[in-house]
Structures are given as C-alpha cells and as structure tokens.
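Colleague: Per my numbering, the sequence shown starts with residue 17, numbered consecutively. Note that CB positions come from ideal geometry on N, CA and C, so glycine has one too. Once you've had a glance at the structure underneath, I'll fire off some questions.
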Amino acid sequence: MKIIFFLNRRCPVGCPSCNVRASEMELEELSPPWLERFFPRLTEIPFPGHLLWTGGEPFLSAASLKMGMSLAYSRGWRSEILTSGAWFSGHPGWLDELLDYRPFSLRISLDAEHQARVPLIELVPLIRRADELGLEVNFTVRPIPGRPDSRHDYLEQIKDLLPGFYRRNCQRSRWIHVIPHIPVVPQAEPGITGHNPHTQKWKQSCNQGFKDLIIGTDGLLYPCCGLFSHSFYRKFAFGDLLTGDWRNMVAKIDRDPLLLALKTRGPGGICQDLDLRPETWLWPGYQTPCHLCQALFYYQADRVFTHYRPG
C-alpha cells in the first residue's frame, strides 16, 4: 500500500481562484519541535509512503526544510515539494543542501497568481540546476482566466527557456498536470439548508482522464460526479496524527455524513439536501481538490492523510 501525507501550513497568499485560506494562527512554519513529534508516528505504518510538502511555502527557514527532509529520508519516505519557486529563487544553494535526502522531486505551480510573484524566467536557474542534479521537476498548470489556451503558452515558455529540459521530459508520464481555472463568484448567505444555492452547477471538461468537474457558484469543486466517488473518498483519512490514531481516522470515513449519502444515494442527488458550505466541506482546513487529485491519480496512492495545522 502506498500512502501520502500532506504536510503544510496554510497558504498566506489568498489567490482569488484558490479555495485555501489562512487565518493568523495557521501561518506558522513546520517547526523543528513539531517535526520531531510528527515523524516518530510514521514508524507505526508498515509500508512506504510519499510526503507532499505544500501550503504556501511551508518552510520559512533552510534549517527546518533540511530537518524535515532528513527525517522523511531516514524513514524511507519520498518527498515532493510543491512550490511557486519562491523558496529557491533567491537562495539557489538550498537545493544542493538537500541532495543527501534524494530521491525527492519538485512540483512548480504555473498560473497567473504565482507567476505574478515569481515569473517562470526567474525559475530557470532552479529548474536547470535540478535537472543537472538528476532531480525530477514537475509542473501544475492552471490556465489564465479568460484564456483557456494559455496552458500552451506555459509549455511554449518552458520549451523556449529550457529546450534541453523540455526534450528530456515532454514524453515523461505525469510531468505536467493541467487543471481547470475555478471561477469565483459571490457566495450565498451562510446558514442556508435544504436546497443549497452553492450547488447550482457549472460543468467544465477536465483533460486529465477524469469525468466532468462540477463547480459550485462559490467557485468550489463539489463531490457529485464520477471523480469524487465513494471509492475515491475512502482513500482519505482526517485529523491530527499527533493526537489521533491513524487506523481510527481511516474508519472515520465511513461515518462521515457526506460519504454515507454517497454510499446510499450515489453522487447525483446529494447536493440537494446537504449543507456544503465551504466550512463544512469534508474536514476543517480542506485541501485544494487539485492536490487531492494529484495525490491519487499521479502517485497512485492507496491512502491519503492530511494534517494541516502545526503547533
């Protein structure tokens, strides 16, 4: 069995097309004391895993980044760092300091918001150095609003700026992940039950071999299509690994009202009578759906755990 953990602090950027938001109490980095408490729990899991470090550049210091990677490596867990490149763009030497903890990979976000902060041209030294070191570099691309073909622009930029890298990777499976842009519109009044106006659906084709994504008028992806099936959700576990038992968290999935509705009624009609406001969607501190899809379909995970709040 392959397991993935999401280890992250909540992203402070607040891009309008993303459904991750951070409160002040959720902006701490993954500190050495937290990491020292977390990683011994991995010894309870008797099979290999994959760690995704994500959530708005979770490490604020080189010391904690190295510590987290070393702890993962010492337990035989592979890491992927999801980043806009902000960690490394001003500190190119950081990448070399992590080489003792290979194999690990980078996944770089290419979209309008991240590119406004760290343009692709500024990431060329990072990508080139990673390529020289034999590290895998992947991309998550979201089209620019109003420009559905803009994903091709990003590919052309990679091809022009890094021709050798492009030639070596363009045929590689899963090197680029294209997700649809999620439109944002005003949310409905809170506290509404019964027929939920959030779930006035807009279907958009997804080119990753998934079925249609159903997007609520609040801009969130909702679990009422083939992609978000009961078997899909059974792969997730919730809670705080520092205080909860991971086996119990797996069992908890079958008691979740949303999953029970999926199990008994199927995905088609549950939005009519479930309150699916953002704060009730799956679990407190929900991950972006693109990360969950990536975990299951790109890494073929059998189980995904999420821990979202260090401290």
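1) Quick one: grab the DSSP three-state call for residue 121.
2) Can you tell me whether DSSP reads residue 163 as helix, strand or coil?
3) With DSSP as the reference, please indicate the residues paired to residue 328 in a beta bridge.
4) Going by alpha carbons, who is nearest to residue 67 out of 116, 125, 94, 173?
5) Alpha carbon to alpha carbon, what distance is there between residue 110 and residue 169?
6) Ordered along the chain, which non-local residues of its own chain (more than five positions away) have a Cβ less than 8 Å from that of residue 51?
7) May I have the straight-line CA-CA distance separating residue 185 from residue 191, to the nearest angstrom?
8) Using CA coordinates, which residue listed in 150, 158, 143 is at the minimum distance from residue 179?
9) How about residue 149 and residue 115: are their beta carbons less than 8 Å apart?
10) When you compare each of 137, 141, 90, 177 to residue 112 by their alpha carbons, which one comes out closest?
11) Taking just the CA atoms, how far does residue 131 sit from residue 104?
12) What is the rounded straight-line gap between the Cα of residue 121 and the Cα of residue 176?
13) Throw me the rounded Cβ distance for the residue 123 and residue 155 pair, which I believe falls under 8 Å.
14) When the Cα atoms are used, what is the spatial distance from residue 138 to residue 157?
15) Can you tell me which of the three DSSP states residue 126 falls into?
Modeller: In brief:
1) strand
2) strand
3) This structure cannot settle anything about residue 328, because the visible part of the chain is limited to 17 through 327.
4) 94
5) 29 Å
6) 80, 83, 84, 87
7) 7 Å
8) 143
9) yes
10) 141
11) 14 Å
12) 22 Å
13) 7 Å
14) 17 Å
15) strand
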